[in-house]
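In what follows, a structure is listed as structure tokens, so that the remarks can point back to it.
In the numbering used here, the protein residues as written are 6 to 162.
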């Protein structure tokens, strides 16, 4: 059974992949950004998984969420995860639109309405809160919990 730290590290790898893929994707070609979006969404799911594991949730119960990041957030909020209103709304919208399935299985679906910078901002906020919870402090993350900057947009989150 993987530890919350190991799951956080895996989320970090997906985050790094998302950021790298975004750097190489052509603007004006929305499908070219699908792999980056998928990696960012999967990183969010893994960060929430790390939070839940750190709170003692059973891995089987976490798997039962079936990629539903809104449900995972609901479970995490019961154990103290607090996110901004916009971030909570984004997580619910991602689940409601079934972004995870569209990104994986339907590349010809209409372009997802969430702007990629908003997705990255959501990922960064979840990452920061989870890192503080489990005591993981990557070099680019402030140890005081202050918001980080969005690596793609270069704007405050």
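C-beta atoms are modelled at their ideal positions from N, C-alpha and C, and glycine is treated no differently.
Nearest-angstrom Cα separation, counted from residue j out to residue i
i: residue 15; j: residue 51; result: 7 Å
i: residue 39; j: residue 45; result: 10 Å
i: residue 42; j: residue 121; result: 7 Å
i: residue 76; j: residue 136; result: 20 Å
i: residue 37; j: residue 82; result: 34 Å
i: residue 71; j: residue 138; result: 23 Å
i: residue 163; j: residue 55; result: The first residue shown for the chain is 6 and the last is 162, placing residue 163 beyond what the model contains.
i: residue 8; j: residue 59; result: 8 Å
i: residue 111; j: residue 145; result: 34 Å
i: residue 78; j: residue 104; result: 16 Å
i: residue 90; j: residue 100; result: 16 Å
i: residue 94; j: residue 6; result: 31 Å
i: residue 143; j: residue 107; result: 31 Å
Enclosing alpha helix (DSSP H) for residue i [first to last residue]
i: residue 24; result: 9-29
i: residue 54; result: 39-59
i: residue 96; result: 90-102
i: residue 80; result: 74-82
Residue i (DSSP reduced to helix, strand or coil)
i: residue 143; result: coil
i: residue 120; result: coil
i: residue 130; result: helix
i: residue 34; result: coil
i: residue 87; result: coil
i: residue 66; result: helix
i: residue 71; result: coil
Same chain only: Cβ atoms within 7 Å of residue i, ignoring 5 sequence neighbours per side
i: residue 141; result: 10, 13
i: residue 48; result: 16, 19, 20, 23, 128
i: residue 30; result: 37, 38, 41
Nonlocal neighbours in the same chain, by C-beta distance under 6 Å from residue i, ignoring five residues either side
i: residue 131; result: 49, 52
i: residue 97; result: 75
Close beta carbons around residue i, own chain, < 8 Å, minus the five adjacent residues each side
i: residue 32; result: none
Touch test, the stretch 118-133 against the stretch 16-23, Cβ-Cβ under 8 Å, three pairs minimum: yes
Stretch-stretch touch, CB-based, cutoff 8 Å, three pairs: the stretch 63-70 with the stretch 82-94: no
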